[in-house]
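Residue numbers (our numbering), protein chains in the order written: chain A, -11 to 318; chain B, 2 to 273; chain C, 3 to 367.
Take a look at the structure:
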């Protein structure tokens, strides 16, 4: 076996793990879209906001410190305590649930029965609002997020596989990526269980099918929306933790939403398995493309590869991999 | 009444000509479901042709076949003596077939006037450059077509709502505007999908009068689907009856009324 | 009489469809034209009150250029109902097309350069509009992001586009109209202003003409109900592509001006990134979807608001610039949501309602 073969496998493995991270973000989109028909562009910013809040609580930051200091000439910065990670995560989750409630109260309630495209644009507005709000609340500097997950390359694996071929130095896989993959798998499994085997899950699926019919059997649409947005907030928190631990909590975190969009186009907006498989295809595809073709055309092809792939795919199969075929009735 | 090529004159003095449209052995399937099986009938020039039948009989599917939303797996469609190739709906519109929908399909963001002006689309020819400059050909064409549209507006007695956005109009008026849009196209064949659905008696009378007037004044050939038997029998020249995707009757209203298969389909038949 | 239609009888269809049916509106329009065409250039040329360059660079030029772009996007989104998030990429096409044209054909007049750049962009826009036959709504919106990312990457990575310059930037050479410099470092603010203004007026007029006739109605028909549009003979793909083409033509011209007249030198990722696509979308939401006037107002609003915020927060209150920037995000985001909830047709609709009230005032029934 030549070394390139093993390097290709390493690229694929890394692609798969990146893909799972994309799926994690895409999952939040799918949850909200299925239950309320809203294509929530703000999902990426929600991940950023959740991660910012987590770091802020964990390190005892004073919210809006910068703004308060500017207006009143004070010098607040930190409360001076450290909150245990688990407690901080629960508190951050609480904030995301409160956020879900406010979104329902202040935005969704007023936009029922509007065109999907209007709702989509409203979530773009929401994304802008949250981005500015999050920065005002916690400051816009890059923050380090440490929740106790192991970082760096897995030395054991590298050592064990080194020398499998001439010039091959072993598989280099990141510990954090592997943890993230495991957590994502657990999360997806529990979401599937929740939606298939609990009463609330059934209500969710009923609303996704036909919200008028769901209303008529006594399901409260508004409660469902709050639940769904809270769930999406939870997924955003998990994604925020993973991405934040990997590359720091900063503005660019909100841009992972842009990576999740082609995943959705590929997997279909309504399918949880679609989001997972789509994420993996895109993760592997863009890594392989960059590995094999990238060097010849200037590199940085990850910027657009996912989109072009999804675009080409859509032209031939508009409903995505797992989406249902749309039959238009006249 | 057999499909002979000769024309004849009706009791009220209208001339009915040769067949404009002939459907020959049409079969339409959706997956395993057969919506229309082996149906043939024709529509003659200048007549009012009704298609009736219980729910799910395949009436709307038939209209959708005629104007190209559905493509039948088997059978031929002849229009003006020529076999029609498979076409897109907009190409069929350009051939002079207009229609209205069972659930109103107006352009909600536009005024009554603009909605009816869209009906003139196939008759307007100025290109994008002329449109961009406006002064000259584009403006002349616009005003010429506006005149025709104003005739339609007068005819349907909707002058007062000319500039009202159609979304604000009551149901009956919306139906009338939709008819206006189809009329503005000056079609050779006009398809009406349940033009009187959901109307009260007065509105139905108005609509019947408009349909008869259109046919009488402009000689427009009309094919319509309608559930109200009284109306159908009163206004149509010939009726075709469908049931479960099959044709069970075809002829003048009187012939159809006395057809045993039709009576069975509508009243039910005792199985013993 | 004050602001009345009563007694003003229309005798021809042309009179009925004129752009400003009310006399007072017409007068107002001419007054604004006079101020824009005469008063402002004279003030800029004489540097009245000082800071002519600041006014031109911070407010006037961006406003004019963004107004052209937002009219373009409004044709696509507001009139034809196809959401696009690729405008930044299309502006880049216009910019790079004008750069290549200027450097390859030094004798070509800048007016033709700008118009040709628009045509090149229109062709690219039509190409990226092709999927619109198969995909709709936000699927299409996401697909247009492909254009955004791919185009920006291409202009960044393919050296031919920036003439192999070491910095990867493009910078605009000096070009003149009737002997007046309109691009380049030494062009006066009033010349650059008048050039952009003339283009805006011409293009706004073209857009108005296109949207009031046959083609405009076919766009709106596709927007409101594509199935019904088909049965009146509107070919969906051709119509959508024509909207993509016209829209990209406008956006491309704006991109060419943004580069050659306004910035002078451009780095593609910075000048034409995804944020620009969103900015343009916000302009037409706040200004009013499906309104030429709204596009212009929206552009003015989105150009002026950050300047105002900065002047108040940083200039008056002495806050840090990053706080002002964060507030801008919060305010823009909140405004988008508020407008979508309360008035999806934007400022233009508020203005229309005000005029309707005024027409009947003081007897509203």
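Note that the Cβ used here is the ideal one computed from N, Cα and C, for glycine as well.
Note that the structure is a prediction, hence the values are computed from the model and not measured.
For residue 179 of chain C, DSSP records a beta bridge to C/182. Residue environment for residue 349 of chain C: buried (at least 16 other C-beta atoms within 10 angstroms of its C-beta).
Per DSSP, residue 35 of chain A is one residue of the alpha helix (DSSP H) stretching across 31 to 46.
Interface residue (Cβ-Cβ distance to chain A less than 9 angstroms): residue 109 of chain C is not classified as such.
Contact check for residue 13 of chain A against residue 234 of chain A fails: the beta carbons are separated by 9 angstroms or more. C/85 is the residue among C/54, C/32, C/85 whose C-alpha sits nearest the C-alpha of residue 246 of chain C. Taking 9 angstroms as the threshold, the shortest C-beta distance from residue 10 of chain A to chain C does not fall below it. Taking C-beta atoms as the reference points, residue 102 of chain B and residue 194 of chain B count as a pair closer than 9 angstroms.
When B/140, B/45, B/123, B/122 are compared, the shortest CA-CA separation from residue 130 of chain B is found for B/140. Taking C-beta atoms as the reference points, residue 173 of chain B and residue 204 of chain B count as a pair closer than 9 angstroms.
Counting other Cβ atoms within 10 Å of its Cβ, residue 49 of chain B reaches 16 or more and is therefore classed as buried. DSSP places residue 191 of chain B in the uninterrupted beta strand (DSSP E) bounded by 190 to 194. Between residue 337 of chain C and residue 351 of chain C, the alpha-carbon positions lie close to 15 angstroms from each other. Here the C-alpha atom of residue 266 of chain C lies approximately 17 angstroms from the C-alpha atom of residue 90 of chain C. Between the C-alpha atoms of residue 54 of chain A and residue 100 of chain C there is a straight-line separation of about 44 angstroms.
Counting of Cβ neighbours within 10 angstroms places residue 70 of chain A among the exposed residues, the total staying below 16. Relative to the Cα of residue 202 of chain B, the nearest Cα in the group B/34, B/231, B/29 belongs to B/231. With contacts defined as CB atoms closer than 9 angstroms, residue 131 of chain C and residue 224 of chain C fail to qualify as a contacting pair. Residue pairing of residue 131 of chain A in beta bridges, as defined by DSSP: A/237. Taking 9 angstroms as the cut-off, the beta carbon of residue 296 of chain A is found no closer than this to the beta carbon of residue 133 of chain C. For residue 225 of chain B, the enclosing beta strand (DSSP E) begins and ends at 222 to 226. Annotation: the continuous beta strand (DSSP E) that includes residue 52 of chain B extends over 49 to 53. Per DSSP, the continuous beta strand (DSSP E) segment holding residue 36 of chain B begins and ends at 34 to 45. Taking 9 angstroms as the CB threshold, residue 336 of chain C lines the interface with chain A.
In the DSSP annotation of this structure, the continuous segment of the alpha helix (DSSP H) that includes residue 18 of chain C starts and ends at 15 to 18. The beta carbons of residue 6 of chain A and residue 271 of chain A sit closer together than 9 angstroms.
Close to chain B, meaning a Cβ-Cβ distance shorter than 9 angstroms, are the following residues of the stretch 186 to 215 of chain C: 207, 208, 209, 210, 211, 212, 214, 215. Judged by DSSP in its simplified three-state form, residue 11 of chain B adopts coil rather than helix or strand. DSSP places residue 29 of chain B inside the beta strand (DSSP E), whose first and last residues are 20 to 31. Interface annotation, residue 123 of chain C: not in contact with chain B, CB-CB separation never under 9 angstroms.
Chain-order list of chain C residues neighbouring residue 143 of chain B: 15, 16, 19, 214, 215, 216, by C-beta distance under 9 angstroms. Residue 73 of chain B carries a coil assignment under DSSP once its states are collapsed to helix, strand and coil.
Cβ neighbours of residue 39 of chain A within its own chain (closer than 7 angstroms, five residues either side excluded): 133, 228, 229, 232, 237, 241. Taking C-beta atoms as the reference points, residue 235 of chain B and residue 249 of chain B fail to come closer than 9 angstroms. Using a 10 angstroms sphere on the CB of residue 105 of chain A, the tally of other CB atoms reaches 16 or more, which defines it as buried.
In the DSSP assignment, residue 263 of chain C forms no beta bridge with any residue.
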